[in-house]
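The next block holds one structure in the form of C-alpha coordinates; read it before the comments.
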Amino acid sequence: MELEQRVADLERRLAALEGAQDTGPRIDGSDFWALNGLKEQLTEAGAADGGVLYTGSVRLPTGEQYAWQMTALTENLLDDAWTTAAESFAALGHPVRLRLLREVLGGRRTAAELAELDEVGTTGQIYHHLSRLTATGWLHTTGQGRHEVPPGRVVPLLVALATARP
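Under our numbering, the first residue of the sequence shown is numbered 31, with each subsequent residue one higher.
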(Lines of atoms letter the chains of each structure in order from A and count residues from 1; the text may use other names and numbers.)
(Lines give C-alpha, C1' and ligand atoms only; values in the text may rest on other atoms or scores of the structure.)
Protein backbone atom coordinates (compact mmCIF):
# COMPACT_ATOMS: atom_id res chain seq x y z
CA MET A 1 0.00 0.00 0.00
CA GLU A 2 2.77 2.46 0.90
CA LEU A 3 4.60 1.72 -2.37
CA GLU A 4 1.41 2.30 -4.36
CA GLN A 5 0.91 5.66 -2.64
CA ARG A 6 4.50 6.68 -3.30
CA VAL A 7 4.23 5.74 -6.99
CA ALA A 8 0.94 7.66 -7.27
CA ASP A 9 2.57 10.70 -5.62
CA LEU A 10 5.53 10.51 -8.01
CA GLU A 11 3.24 10.24 -11.02
CA ARG A 12 1.23 13.24 -9.82
CA ARG A 13 4.41 15.28 -9.28
CA LEU A 14 5.79 14.29 -12.69
CA ALA A 15 2.55 15.27 -14.40
CA ALA A 16 2.62 18.61 -12.58
CA LEU A 17 6.21 19.24 -13.67
CA GLU A 18 5.49 18.31 -17.27
CA GLY A 19 2.47 20.59 -17.42
CA ALA A 20 3.77 23.29 -15.08
CA GLN A 21 2.31 26.75 -15.53
CA ASP A 22 3.03 29.90 -13.60
CA THR A 23 -0.58 30.06 -12.41
CA GLY A 24 -0.62 26.75 -10.54
CA PRO A 25 -3.18 23.98 -10.58
CA ARG A 26 -6.65 24.54 -11.95
CA ILE A 27 -9.33 23.86 -9.40
CA ASP A 28 -12.45 25.26 -11.05
CA GLY A 29 -11.29 25.21 -14.67
CA SER A 30 -10.00 28.78 -14.49
CA ASP A 31 -6.29 29.61 -14.56
CA PHE A 32 -6.81 32.39 -12.02
CA TRP A 33 -9.46 31.02 -9.68
CA ALA A 34 -7.82 32.37 -6.51
CA LEU A 35 -6.98 35.72 -8.11
CA ASN A 36 -10.54 36.18 -9.37
CA GLY A 37 -11.91 35.53 -5.88
CA LEU A 38 -9.43 37.98 -4.36
CA LYS A 39 -10.34 40.69 -6.88
CA GLU A 40 -14.01 40.25 -6.03
CA GLN A 41 -13.36 40.62 -2.32
CA LEU A 42 -11.06 43.62 -2.80
CA THR A 43 -13.69 45.35 -4.93
CA GLU A 44 -16.37 44.70 -2.29
CA ALA A 45 -14.04 46.05 0.42
CA GLY A 46 -13.22 49.16 -1.62
CA ALA A 47 -9.49 48.37 -1.65
CA ALA A 48 -8.54 50.38 -4.74
CA ASP A 49 -4.81 49.62 -4.47
CA GLY A 50 -5.38 45.87 -4.40
CA GLY A 51 -3.82 43.27 -2.20
CA VAL A 52 -2.20 39.89 -2.01
CA LEU A 53 -3.49 36.52 -0.88
CA TYR A 54 -1.54 33.48 0.10
CA THR A 55 -3.10 30.30 1.24
CA GLY A 56 -2.42 26.63 1.63
CA SER A 57 -3.70 23.28 2.77
CA VAL A 58 -0.77 21.12 3.82
CA ARG A 59 -0.24 17.61 5.13
CA LEU A 60 3.29 17.11 6.44
CA PRO A 61 5.21 13.82 6.33
CA THR A 62 4.39 13.52 10.05
CA GLY A 63 0.66 13.45 9.22
CA GLU A 64 0.02 16.88 10.73
CA GLN A 65 -2.38 18.98 8.68
CA TYR A 66 -2.55 22.75 8.36
CA ALA A 67 -4.97 25.01 6.51
CA TRP A 68 -4.17 28.67 6.44
CA GLN A 69 -4.72 31.86 4.48
CA MET A 70 -3.68 35.46 4.74
CA THR A 71 -4.81 38.50 2.83
CA ALA A 72 -2.88 41.75 3.04
CA LEU A 73 -3.82 45.05 1.46
CA THR A 74 -1.20 46.65 -0.76
CA GLU A 75 -1.48 49.95 1.13
CA ASN A 76 -0.69 48.26 4.46
CA LEU A 77 2.22 46.30 3.03
CA LEU A 78 3.84 49.37 1.49
CA ASP A 79 3.29 51.49 4.62
CA ASP A 80 4.68 48.96 7.13
CA ALA A 81 8.26 49.16 8.34
CA TRP A 82 10.13 46.35 6.63
CA THR A 83 12.76 45.91 9.36
CA THR A 84 10.98 42.95 10.94
CA ALA A 85 10.66 41.31 7.52
CA ALA A 86 14.40 41.78 6.95
CA GLU A 87 15.19 40.01 10.22
CA SER A 88 12.82 37.18 9.34
CA PHE A 89 14.29 36.78 5.85
CA ALA A 90 17.80 36.90 7.30
CA ALA A 91 16.94 34.01 9.61
CA LEU A 92 15.83 32.00 6.58
CA GLY A 93 18.89 33.04 4.60
CA HIS A 94 21.19 30.38 6.00
CA PRO A 95 21.19 26.93 4.34
CA VAL A 96 21.59 25.09 7.65
CA ARG A 97 18.56 26.90 9.11
CA LEU A 98 16.45 25.94 6.12
CA ARG A 99 17.63 22.35 6.52
CA LEU A 100 16.73 22.41 10.21
CA LEU A 101 13.26 23.75 9.42
CA ARG A 102 12.74 21.04 6.82
CA GLU A 103 13.83 18.38 9.29
CA VAL A 104 11.56 19.76 12.02
CA LEU A 105 8.63 19.70 9.58
CA GLY A 106 9.62 16.13 8.77
CA GLY A 107 9.47 15.05 12.41
CA ARG A 108 12.94 15.57 13.89
CA ARG A 109 12.01 17.81 16.79
CA THR A 110 14.89 17.79 19.31
CA ALA A 111 18.39 19.21 19.08
CA ALA A 112 19.72 15.68 19.68
CA GLU A 113 17.81 14.35 16.66
CA LEU A 114 19.00 17.27 14.57
CA ALA A 115 22.61 16.78 15.69
CA GLU A 116 22.53 13.28 14.16
CA LEU A 117 22.26 14.85 10.69
CA ASP A 118 25.26 15.31 8.46
CA GLU A 119 26.52 18.81 7.62
CA VAL A 120 24.50 20.78 10.18
CA GLY A 121 27.41 21.60 12.48
CA THR A 122 28.15 21.08 16.12
CA THR A 123 25.53 20.93 18.84
CA GLY A 124 26.45 24.51 19.78
CA GLN A 125 25.97 25.68 16.21
CA ILE A 126 22.63 23.87 16.01
CA TYR A 127 21.46 25.61 19.19
CA HIS A 128 22.57 28.95 17.70
CA HIS A 129 20.53 28.33 14.55
CA LEU A 130 17.52 27.10 16.52
CA SER A 131 17.74 30.21 18.70
CA ARG A 132 17.78 32.49 15.67
CA LEU A 133 14.78 30.71 14.13
CA THR A 134 12.93 30.90 17.44
CA ALA A 135 13.69 34.60 17.91
CA THR A 136 12.16 35.39 14.52
CA GLY A 137 9.09 33.19 15.03
CA TRP A 138 9.92 30.41 12.57
CA LEU A 139 10.20 27.94 15.46
CA HIS A 140 8.96 27.64 18.98
CA THR A 141 9.77 25.27 21.79
CA THR A 142 6.98 22.95 22.87
CA GLY A 143 8.71 21.72 26.04
CA GLN A 144 11.15 18.93 26.82
CA GLY A 145 13.54 20.37 24.23
CA ARG A 146 11.17 19.81 21.33
CA HIS A 147 10.83 22.36 18.55
CA GLU A 148 8.09 22.89 16.01
CA VAL A 149 7.18 25.34 13.30
CA PRO A 150 4.20 27.24 14.72
CA PRO A 151 0.97 26.32 12.90
CA GLY A 152 0.56 29.88 11.60
CA ARG A 153 4.04 29.76 10.02
CA VAL A 154 3.89 26.41 8.19
CA VAL A 155 2.11 27.68 5.08
CA PRO A 156 3.99 31.04 5.03
CA LEU A 157 7.28 29.12 5.18
CA LEU A 158 6.24 26.98 2.23
CA VAL A 159 5.03 30.10 0.38
CA ALA A 160 8.43 31.74 0.97
CA LEU A 161 10.12 28.65 -0.44
CA ALA A 162 7.76 28.58 -3.42
CA THR A 163 8.52 32.23 -4.23
CA ALA A 164 12.25 31.48 -4.24
CA ARG A 165 11.91 28.80 -6.94
CA PRO A 166 13.06 29.72 -10.42
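Yeah, the Cβ is synthetic: ideal placement off N, Cα and C, and Gly gets one too.
Shortest alpha-carbon distance to residue i belongs to which of the options?
i    : options                  : result
V126 : L163, V179 and R36       : L163
L122 : D61, L169, G76 and E70   : L169
P181 : L191, Q99, G151 and F62  : Q99
G137 : T172, T152, E178 and K69 : E178
R183 : R129, L135 and R36       : L135
T114 : V185, P91, A165 and E105 : A165
Where residue i and residue j are concerned, what is the direct C-alpha to C-alpha distance, given to the nearest angstrom?
i    : j    : result
L160 : A120 : 13 angstroms
S87  : L187 : 13 angstroms
T172 : L144 : 16 angstroms
Q95  : E34  : 22 angstroms
G80  : G151 : 44 angstroms
A194 : L68  : 23 angstroms
E133 : Q155 : 16 angstroms
T101 : V189 : 13 angstroms
T73  : D109 : 20 angstroms
Y84  : R36  : 28 angstroms
If you measure between the beta carbons of residue i and residue j, is that distance less than 8 angstroms?
i    : j    : result
G175 : T140 : yes
A77  : L103 : yes
Are there 16 or more other CB atoms within 10 angstroms of the CB of residue i, so buried, or fewer, so exposed?
i    : result
V82  : exposed
L131 : buried
L128 : buried
**OP:** Could I get the ranges of all uninterrupted beta strand (DSSP E) runs contained in the segment 126-168, with 3 residues as the minimum, in chain order?
**Re:** none
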